[in-house]
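Chemist: Okay, handing you the structure first.
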Amino acid sequence: MIFGVGRGYHTREVETLGAPMLDAEANRELFEEQVEIIFKAFNEESFSHHGKHYTLPPAVPYRGYELAEITLVPRPIHRPVECWQPIVSASRRGLLFMVRHGIKGIIGGGAATMAEGPIHAYREAAARAGRNLALGEDLCLGIFFYLAETREKAIREITPYYEEHVKMFAPLGFVPGITGAQVEAAARRGGWGAAGVPTVEHYTKTGAWFAGPPEELVAYLKDLEARFPGLRHVNMSISMGTPKAVMLEQLRWFAEEVMQKLSAARPGGQRRT
Numbered sequence: 002m003i004f005g006v007g008r009g010y011h012t013r014e015v016e017t018l019g020a021p022m023l024d025a026e027a028n029r030e031l032f033e034e035q036v037e038i039i040f041k042a043f044n045e046e047s048f049s050h051h052g053k054h055y056t057l058p059p060a061v062p063y064r065g066y067e068l069a070e071i072t073l074v075p076r077p078i079h080r081p082v083e084c085w086q087p088i089v090s091a092s093r094r095g096l097l098f099m100v101r102h103g104i105k106g107i108i109g110g111g112a113a114t115m116a117e118g119p120i121h122a123y124r125e126a127a128a129r130a131g132r133n134l135a136l137g138e139d140l141c142l143g144i145f146f147y148l149a150e151t152r153e154k155a156i157r158e159i160t161p162y163y164e165e166h167v168k169m170f171a172p173l174g175f176v177p178g179i180t181g182a183q184v185e186a187a188a189r190r191g192g193w194g195a196a197g198v199p200t201v202e203h204y205t206k207t208g209a210w211f212a213g214p215p216e217e218l219v220a221y222l223k224d225l226e227a228r229f230p231g232l233r234h235v236n237m238s239i240s241m242g243t244p245k246a247v248m249l250e251q252l253r254w255f256a257e258e259v260m261q262k263l264s265a266a267r268p269g270g271q272r273r274t
């Protein structure tokens with residue numbers, strides 16, 4: 002089993018369910034206690050928990066007795082359970098919590114390739130916890146991609162899909178570097194250029210997005226491998242709003258022209274993408 006955890010980011014979802022989101026510290030405190038409970042349930046034959054927010058089992062008489070411990074049924078056979086969490090702020094507290102529990106990190110949208118801070122910060126947090134990791138180890142980088150015969154054609158074809166991505170994710174804070182005024186402009190028809198909304202070309206230069214021929218993507222991924230020798234996972238994404246037929250063609254092309262070349266370049270054909 003591969004398990005994922007996250008703190009959430011939609012106030013309309015988290016707050017309405019009775020959990021804090023507007024108060025970031027309260028949100029993290031609750032999240033950390035919840036994860037502690039989950040890992041106890043995974044790793045212990047039976048367990049109890051007495052924290053600020055939860056008491057398990059509850060101190061309630063049941064058929065003449067009180068439970069001292071409870072069990073998770075069914076419990077994962079293969080332990081420890083592989084667990085992943087998105088890295089967003091890369092705060093010291095958050096990273097230490099992750100490495101203490103062996104939680105691996107997902108850095109999406111190419112954020113790590115724009116500024117290598119989160120990758121180095123995760124490794125440093127692991128070192129403080131007594132774990133010696135290679136740079137990039139236990140991490141996954143997310144990159145949006147689009148393949149075409151030339152870079153110019155790829156940019157031209159991906160632009161409308163990228164614009165749909167911006168409309169969706171800029172208001173959520175997932176388009177790095179965009180300003181409030183640019184977010185407002187992106188929600189309107191036209192006027193993107195006048196407002197200075199970042200183009201897809203901008204993000205291809207930072208490494209968050211890739212647009213071009215397969216051989217250039219192979220070179221880009223090999224460069225990532227050289228810079229982050231511990232990296233074993235790259236999440237290659239296709240922008241939301243891309244038609245299904247285009248997605249399938251992109252994935253076929255990626256499998257045949259990118260993955261095959263990366264596999265052939267390694268002993269035993271090991272893949273890391």
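Okay, so the sequence shown: first residue is 2 according to the working numbering, each after it adds one. We treat Cβ as the ideally placed atom computed from N, Cα and C, and that holds for glycine. No experiment lies behind these values; they were computed from the predicted model shown.
Using only CA atoms, which one of Pro214, Arg253, Val184, Thr205 lies nearest to Gly197?
Modeler: Residue numbering aside, residue 197 sits at position 196 when the sequence shown is read from its first letter. The residue with the shortest Cα to Cα distance from Gly197 is Val184.
Chemist: Quick check on this structure: which residue in Gly137, Glu46, Thr200, Ile120 has the alpha carbon closest to the alpha carbon of Pro75?
Modeler: To locate residue 75, count along the sequence shown from 1; it is residue 74. Per the Cα distances, Glu46.
Chemist: Only counting the same chain, and skipping five residues up and downstream in sequence, which positions put a Cβ closer than 6 Å to that of Ala220?
Modeler: Position 219 of the sequence shown holds residue 220. Result list for Ala220: empty, nothing under 6 Å.
Chemist: For Leu96, count the other beta carbons within 10 Å of its own beta carbon; 16 or more makes it buried, fewer makes it exposed. Which is it?
Modeler: As a position in the sequence shown, residue 96 is number 95, starting the count at 1. Label assigned to Leu96: buried.
Chemist: Exposed or buried, what is Ser90 when buried is set at 16 or more other beta-carbons lying within 10 Å of its beta-carbon?
Modeler: Taking the first residue of the sequence shown as 1, we reach residue 90 at position 89. So Ser90 ends up on the exposed side.
Chemist: Report yes or no: is there a C-beta of chain B within less than 9 Å of the C-beta of Val247?
Modeler: Given the protein chain composition of this structure (a single chain), no chain B is represented.
Chemist: Please report the distance separating the alpha-carbon of Ile38 from that of Tyr147.
Modeler: Numbered from its first residue, the sequence shown carries residue 38 at position 37. Numbered from its first residue, the sequence shown carries residue 147 at position 146. Taking the straight line from one Cα to the other gives about 41 Å.
Chemist: Go through its chain and collect everything with a Cβ distance to Thr160's Cβ below 7 Å, but skip five positions before and after it.
Modeler: The residue labelled residue 160 in the question sits at position 159 within the sequence shown. Here the set comprises Val201.
Chemist: Exposed or buried, what is Met241 when buried is set at 16 or more other beta-carbons lying within 10 Å of its beta-carbon?
Modeler: Locating residue 241 in the sequence shown gives position 240, counting from the first residue. It counts as exposed.
Chemist: In whole angstroms, give me the CA-to-CA distance for Val100 and Arg189.
Modeler: The count along the sequence shown starts at 1 and reaches residue 100 at position 99. The count along the sequence shown starts at 1 and reaches residue 189 at position 188. Cα-Cα distance, rounded: 42 Å.
Chemist: Tell me whether the segment 212-219 and the segment 257-265 touch, counting them as touching only if at least three CB pairs, one residue from each stretch, are closer than 8 Å.
Modeler: yes
Chemist: Could you work out which residue in Phe48, Thr180, Lys53 is closest to Leu73 when comparing CA atoms only?
Modeler: What you label residue 73 is simply residue 72 of the sequence shown in a count that begins at 1. With distances taken between Cα atoms, Leu73 lies closest to Phe48.
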